[in-house]
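Here's the structure, in structure tokens; my notes come after.
2 protein chains.
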Amino acid sequence: MAKLRGNAIVGQSGGPTAVINQSLVGVIETAAGMPEIETLLGARHGVKGILGENFVDLFKESKETLEAVANTPSSALGSVRKKPTRDECLQMFEVMKKHNVRYFFYIGGNDSAETAFITNQMAKESNYELRCFHVPKTIDNDLRVTDHCPGFGSAAKFVAQAFIGDNLDNRSLPGIKINIIMGRHAGFLTAASALAKDRSDDGPHLIYLPERPITREQFRDEVAEVYNRLGRCIIAVSEGIIDAAAEGHKTFTEVVMSEAAEIEKDTHGNIQLSGSGALGDWLANYLKRELGSTLRVRADTFGYLQRSFPGVVSSVDAAEARMCGRKAVEFATQGDVDGSVAMIRTESGAYGLDYICTALANVAKETRSLPDEFIAATGNYVTPAFIDYARPLVGTLPTVGYFEGMK
Amino acid sequence: MAKLRGNAIVGQSGGPTAVINQSLVGVIETAAGMPEIETLLGARHGVKGILGENFVDLFKESKETLEAVANTPSSALGSVRKKPTRDECLQMFEVMKKHNVRYFFYIGGNDSAETAFITNQMAKESNYELRCFHVPKTIDNDLRVTDHCPGFGSAAKFVAQAFIGDNLDNRSLPGIKINIIMGRHAGFLTAASALAKDRSDDGPHLIYLPERPITREQFRDEVAEVYNRLGRCIIAVSEGIIDAAAEGHKTFTEVVMSEAAEIEKDTHGNIQLSGSGALGDWLANYLKRELGSTLRVRADTFGYLQRSFPGVVSSVDAAEARMCGRKAVEFATQGDVDGSVAMIRTESGAYGLDYICTALANVAKETRSLPDEFIAATGNYVTPAFIDYARPLVGTLPTVGYFEGMK
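Protein sequences appear in the order of chains E and U. Just so we're aligned, residue 4 is where the first sequence starts under this note's numbering, counting upward by one. Just so we're aligned, residue 4 is where the second sequence starts under this note's numbering, counting upward by one.
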């Protein structure tokens with residue numbers, strides 16, 4: 004079979020990560036060595052750039068530039084939250100035909116896999132040969148098939164380092180501290196806070212995941228128990244925790260916001276109670292109200308810092324993200340194959356990976372949650388199995404020194 | 004004159020920093036070499052440890068432990084928010100006499116300098132020879148006399164790195180982004196966000212400082228101007244910004260919270276509107292309400308991450324913090340002298356410092372604000388003079404790579 008020759012498009016989609024540019028550069032450097040790929044067009048802001056034919060010629064970039072971009076967080080081509088409609092996919096497909104595009108690489112989460120999947124199906128229906136490849140990326144770590152997702156390790160490292168520092172801060176000035184962590188539907192990143200724990204009384208002492216609904220009273224009682232025992236309590240809370248007392252699997256934020264909206268209606272909209280800090284602030288105020296207003300309770304919401312903080316990058320994550328980009332190009336140029344790159348952990352003792360190609364349909368649409376075996380029976384912590392899973396992904400964490408006389 | 008011989012106490016006070024343990028270890032290693040100091044007692048949780056005679060023998064710690072502690076953020080001895088009353092100072096003084104303490108080193112902000120000052124005066128009144136030394140520490144950078152304060156450089160580095168990442172994030176997914184930064188009365192740390200700016204359209208685009216009161220309408224209009232021009236806007240806001248429309252120099256937070264408290268009264272306390280994220284959330288919601296609800300506006304509050312994040316430390320700050328601890332012991336053992344260590348920038352071209360001893364009264368109580376020459380005439384940015392001042396303090400910042408084709 005003659006090799007498929009033509010141009011290629013690469014794009015980035017969804018929330019940025021610290022290593023999404025590693026994957027992009029992995030695509031560029033590998034494509035540059037493939038005679039099948041004549042030009043590599045970088046689509047600015049993902050599908051928006053394809054629809055608007057807003058491209059950058061990526062083969063014109065120097066090695067030095069590529070290396071500098073690879074080591075820069077966030078999406079160098081620009082990103083987009085847009086999930087194209089079927090009509091827009093058709094338009095994109097027309098643009099691709101017009102530019103003789105034969106390879107399409109899309110770096111992102113499950114929505115990006117779906118975009119690649121739909122575009123791929125349209126090409127098949129039109130008998131237009133187009134290899135479509137999805138390169139996994141998400142700090143939420145919620146894609147199916149792959150053992151973990153590029154971007155997660157670095158975000159997990161940020162979260163773990165933040166908790167190492169916060170635990171020391173809290174030892175120094177004891178109190179109750181709530182930290183709200185990203186991951187609306189999957190608790191992986193919140194769970195990664197447990198990597199900060201070294202000494203038996205280190206925080207986080209409690210971890211609340213979207214996979215385990217709780218009531219506010221349960222939250223209060225569990226915090227009080229730790230506080231009464233240790234004189235302090237550090238709590239990791241996913242932004243997506245579910246209120247077990249509410250009907251219809253609602254998040255705490257939804258419940259609290261709808262209570263607030265009722266009040267807002269009464270006050271003619273003079274106040275706004277939503278916002279990124281609202282969940283943490285609500286929980287902190289709730290604890291003060293229930294456990295005593297003189298308690299030192301404070302909440303921080305890590306926000307965007309988690310996903311594109313320069314200088315806090317897992318070297319393992321960076322290398323794997325790069326390899327995922329490379330493998331996408333290698334797979335795509337090997338024959339009539341489309342798919343998503345997945346990392347499979349090798350069975351042997353030491354940490355290692357195989358990179359495989361899985362069908363786009365396996366990764367598109369649905370996501371996965373933190374598996375049961377990673378969640379403690381109490382529902383408010385992780386298991387040692389999770390630590391074994393996550394530790395190799397974050398690379399080296401800072402070490403902490405204590406006085407011998409205070410141990 | 005015979006040298007004063009006896010025991011010494013060292014303590015840490017106030018909010019932790021990334022390098023406060025460098026100062027502590029500077030005190031320990033220098034004191035260990037001084038025949039005048041027989042034992043060095045570490046007071047656990049500052050003045051609380053002195054009052055409760057809760058001490059650690061710091062000469063028993065190994066060199067390896069000292070180095071590990073020096074490189075660990077937060078206060079290794081534990082900290083305290085307590086400012087002792089005059090009666091408690093008297094009690095502390097009695098404890099010191101009982102333990103034959105002749106040297107007292109207190110690492111902290113202006114309150115700590117005042118504690119050292121009062122203790123020193125009591126000793127003088129009782130004709131008890133006691134050398135009292137304050138070692139400067141604060142991420143707020145608001146102590147008088149010294150050019151800058153240990154702890155500020157590392158916090159400034161964290162803030163600058165956060166803005167480098169957030170600027171890239173915002174380039175990738177454009178919108179309006181507000182970041183709330185610590186420093187209730189002094190804008191130094193908020194101003195440090197400007198160190199993130201490299202390219203002419205980089206954020207932060209606006210910087211709001213406690214030194215320049217603004218109205219909410221002014222804030223809205225200035226943000227709208229940037230957003231209309233660039234299609235995005237990143238804003239650094241001090242937690243202590245003052246509402247120019249309110250009487251009595253009230254902070255935005257106070258004004259917004261008192262408006263909310265009125266509403267809370269009406270709703271029988273069923274909601275709580277205060278919290279660490281409240282200012283950012285209020286500003287974000289206000290902009291959405293005023294400029295259009297479909298705008299992508301988001302606020303993050305950096306919170307405690309700014310002050311004790313391990314792995315993001317200015318090497319310059321770390322070395323200077325260490326030196327401040329060393330100098331305190333050197334000054335104290337030189338003769339009948341008490342004071343606070345201050346760093347004075349040398350006049351020559353390259354960055355360099357002289358370490359001097361200034362009177363405790365010069366540092367106690369009052370603090371300083373960001374000087375006028377560091378604030379732009381517009382009131383919503385910093386001057387090049389501030390950048391010249393702050394850049395040497397943060398050490399190296401991560402470099403950012405861009406595609407040539409997108410410049």
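For every residue, glycine included, the Cβ atom is placed at its ideal position computed from N, Cα and C. Remember, it's a predicted structure, so these values are computed and weren't measured experimentally.
Of all Cβ atoms in chain U, is any one closer than 9 Å to the Cβ of residue i?
| i | result |
| --- | --- |
| Pro-19/E | yes |
| Ala-109/E | Note that residue 109/E corresponds to Tyr in the displayed sequence, not to Ala. No, because no Cβ of chain U sits closer than 9 Å to the Cβ of Tyr-109/E. |
| Val-72/E | yes |
| Leu-93/E | no |
| Thr-336/E | no |
| Asp-284/E | yes |
| Ser-65/E | yes |
| Ile-12/E | no |
| Ser-318/E | no |
| His-102/E | no |
| Ser-261/E | no |
At the 9 Å Cβ level, is residue i part of the contact set with chain E, yes or no?
| i | result |
| --- | --- |
| Tyr-230/U | no |
| Ile-40/U | no |
| Arg-235/U | no |
| Ala-302/U | yes |
| Ile-245/U | no |
| Leu-192/U | no |
| Asp-2/U | Here chain U has residues from 4 to 410 only, and residue 2/U is not among them. |
| His-208/U | no |
| Asp-205/U | no |
| Gly-278/U | yes |
| Phe-255/U | no |
| Ala-165/U | yes |
| Phe-155/U | no |
| Leu-176/U | yes |
| Gln-15/U | yes |
| Glu-117/U | no |
| Asp-143/U | no |
Once you ignore the five residues that flank residue i on each side, which residues in its own chain have a CB closer than 6 Å to its CB?
| i | result |
| --- | --- |
| Gly-81/U | Arg-47 and His-48 |
| Ser-317/E | Gly-156, Ser-157, Lys-160, Val-397 and Gly-398 |
| Glu-2/U | Residue 2/U lies beyond the residue range present for chain U, which begins at 4 and ends at 410; the question has no answer from this structure. |
| Gly-355/E | Thr-349 |
Within 10 angstroms of its Cβ, does residue i collect 16 or more other Cβ (buried), or is it exposed?
| i | result |
| --- | --- |
| Gly-234/U | exposed |
| Arg-187/U | exposed |
| Asp-284/E | buried |
| Lys-63/U | exposed |
| Glu-250/E | exposed |
| Arg-105/U | buried |
| Pro-374/E | exposed |
Within a Cβ cutoff of 8 Å, which residues of the same chain sit near residue i, ignoring the five residues on either side of it in sequence?
| i | result |
| --- | --- |
| Ala-119/E | Phe-107, Tyr-109, Cys-135, Phe-136, His-137, Asp-341, Ser-343, Leu-363 and Ala-367 |
| Ile-53/U | Ile-12, Gly-14, Ala-46, Met-95, Val-98 and Met-99 |
| Val-315/E | Ala-21, Ser-157, Lys-160, Phe-161 and Gln-164 |
| Glu-369/U | Asn-113 and Arg-147 |
Put residue i into one of helix, strand or coil per three-state DSSP.
| i | result |
| --- | --- |
| Glu-257/E | helix |
| Pro-387/U | helix |
| Ile-53/U | helix |
| Pro-395/U | helix |
| Leu-290/U | helix |
| Val-98/E | helix |
| Met-37/U | coil |
| Ala-364/U | helix |
| Thr-218/E | coil |
| Gln-164/E | helix |
| Asp-341/U | coil |
Write down the C-beta distance between residue i and residue j rounded to the nearest angstrom, noting that I regard them as a contact closer than 8 Å.
| i | j | result |
| --- | --- | --- |
| Arg-2/U | Asp-150/U | Because residue 2/U is not part of the residues shown, which for chain U are 4 to 410, the question remains open. |
| Ile-237/U | Lys-180/U | 5 Å |
| Ser-77/E | Pro-19/E | 4 Å |
| Phe-191/U | Asp-143/U | 7 Å |
| Val-72/U | Phe-406/E | 6 Å |
| Ile-167/U | Leu-400/U | 7 Å |
Quick check: is any heavy atom of the ligand FMN less than 8 Å from the C-beta of residue i?
| i | result |
| --- | --- |
| Ala-335/E | Looking at this structure, you won't find the ligand FMN or any other ligand, since it has none at all. |
Can you find the residues in the same chain that come closer than 7 Å, C-beta to C-beta, to residue i, ignoring five residues on each side of it along the sequence?
| i | result |
| --- | --- |
| Gly-404/E | none |
| Ala-379/U | Val-385 and Thr-386 |
| Ala-302/U | Ile-181, Ile-183, Gly-283, Asp-284, Leu-286 and Ala-287 |
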